[in-house]
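Quick note: the first sequence, position 240, residue 240 per full-length UniProt numbering, numbers continuous. Yeah, the Cβ is synthetic: ideal placement off N, Cα and C, and Gly gets one too. The structure presented is a predicted model; accordingly, all values stated were derived computationally and were not measured. For reference, the structure discussed in these notes is given below.
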Amino acid sequence: MKIASFNINGIKARAEALPAWLKAAEPDVVALQEIKSTDEAFPHEVLDGLGYQIVTHGQKGFNGVALLSRFPLEDVVCGLPGDDEDVQARWIEATVVGDRAVRICGLYLPNGNPAPGPKYDYKLAWMARMHARVQTLLATEEPLVFLGDYNVIPQDEDAAKPEAWREDALALPQTRAAFRRLLHLGLTDAFRARVAGPGHFTFWDYQAGAWQRNNGIRIDHLLLSPQAADLLREVGIDKEVRGGEKPSDHVPIWIDLNA
DNA sequence: ATGGTTGCCCCGCAA
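Written out as structure tokens, the structure reads:
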């Protein structure tokens with residue numbers, strides 16, 4: 001089961017690039033972030049004929065997440081539990097049934113800038129809520145995959161210019177500590193389970209020629225429960241997508257599970 | 001070098 005995460009930065013803007021990548025990469029399951037569309041306005045025709053079931057958790061103008069699956073999707077949950085006041089569309093869960101059932105949790109973690117400030121407080125509170133949700137799901141002992149745009153640079157080696165991110169909400173010590181608390185629950189960073197060292201990125205800013213200079217960061221992650229980590233076959237980053245026509249500022253990252 | 005670019009859809013805000 002090939003499972004990918006892709007922050008597309010607008011489904012309407014990616015009406016050509018998204019299906020082109022799907023045809024080339026042939027993932028079974030995809031978590032999309034920043035669809036920037038309501039559920040009603042989601043252009044389903046963009047994905048017609050590609051064989052995916054689609055569930056969306058959208059919002060007008062910004063945020064918004066979705067799951068695509070070639071296998072049946074069951075028990076869909078929209079929204080991160082733990083705060084009934086939170087209206088931001090950043091979390092979607094479903095169980096995908098292939099050779100075996102895998103719980104897929106797609107997420108778009110808050111950016112948090114500027115820090116300090118209310119947006120950073122929201123980021124840290126959201127990470128605490130995610131921690132609680134992960135604990136709840138781990139108790140099921142199902143294979144779990146938590147994937148998406150975490151807006152977290154886990155370590156200095158995950159940025160081309162770590163000094164430029166020192167004061168940024170994506171790399172502040174409190175952000176990294178909250179990310180480590182997720183890992184300490186027993187989750188595995190799938191990419192780091194297979195690839196060591198610097199120079200592996202999933203995001204390059206549109207500004208200042210970041211792609212041409214390879215000034216990137218690794219902020220899109222797949223975290224695996226122990227039962228999912230046992231099934232891990234392969235990981236990859238589809239870096240070439242960033243050099244295509246009208247690209248997102250993120251590229252897809254994926255795993256292949258024996259499931 | 002306090003810049004630069006993109007997407008949303010009504011133009012300023014988020015990233």
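So, with DSSP's three-state summary, where would you put residue i?
i: Val-46; result: helix
i: Val-30; result: strand
i: Tyr-122; result: helix
i: Gln-53; result: strand
i: Thr-38; result: coil
i: Leu-67; result: strand
i: Thr-202; result: coil
i: Lys-2; result: strand
i: Leu-185; result: coil
i: Leu-172; result: coil
With distances taken between CB atoms, is the gap from residue i to residue j smaller than 8 Å?
i: Asn-151; j: Leu-109; result: yes
i: Val-76; j: Ala-94; result: yes
i: Ile-237; j: Ile-3; result: no
i: Arg-218; j: Thr-202; result: yes
i: Arg-70; j: Asp-99; result: no
i: Ile-8; j: Leu-22; result: no
i: Glu-34; j: Gly-10; result: yes
i: Asp-249; j: Asp-205; result: yes
i: Pro-252; j: Phe-42; result: no
i: Leu-68; j: Leu-32; result: yes
i: Lys-131; j: Leu-187; result: It should be noted that the sequence gives His, not Lys, for residue 131. For His-131 and Leu-187, no; Cβs fall outside 8 Å.
i: Asp-38; j: Lys-60; result: The identity of residue 38 in the sequence shown is Thr, whereas the question assumes Asp. The answer is yes: Cβ separation under 8 Å.
i: Ala-115; j: Ala-169; result: yes
i: Val-145; j: Ala-228; result: yes
i: Arg-180; j: Pro-143; result: no
i: Gly-106; j: Leu-50; result: no
i: Ala-178; j: Met-127; result: yes
i: Val-235; j: Ala-190; result: yes
i: Ala-89; j: Asn-63; result: yes
i: Lys-246; j: Glu-16; result: yes
Quick test of your reading: residue i and residue j, contact by CB under 8 Å. State the CB separation rounded to the nearest angstrom.
i: Val-97; j: Glu-74; result: 6 Å
i: Leu-224; j: Leu-232; result: 7 Å
i: Leu-257; j: Met-1; result: 5 Å
i: Asn-129; j: Gly-82; result: Before going on, a small fix: residue 129 reads as Arg here, not Asn. Yes, they are in contact, since the Cβ atoms of Arg-129 and Gly-82 sit about 4 Å apart, within 8 Å.
(message) Which runs of the beta strand (DSSP E) at least 3 residues long sit entirely within the segment 209–259? Give them in chain order.
(response) 220–224, 232–237 and 253–257
(request) Check whether the segment 201–219 touches the segment 155–168, counting contact only when three or more Cβ pairs, one atom from each stretch, lie closer than 8 Å. (result) yes
(request) List in chain order: all unbroken beta strand (DSSP E) runs of 3+ residues lying wholly within the segment 77–124. (result) 91–97 and 101–108
(request) Decide yes or no for the touch test of the segment 241–254 against the segment 126–138: beta carbon pairs closer than 8 Å, at least 3 of them. (result) no
(request) Quick one: which unbroken beta strand (DSSP E) runs of 3-plus residues sit fully inside the segment 122–170? Chain order, please. (result) 144–149
(request) Check whether the segment 35–51 touches the segment 112–121, taking contact to mean three or more Cβ pairs, one atom from each stretch, closer than 8 Å. (result) no
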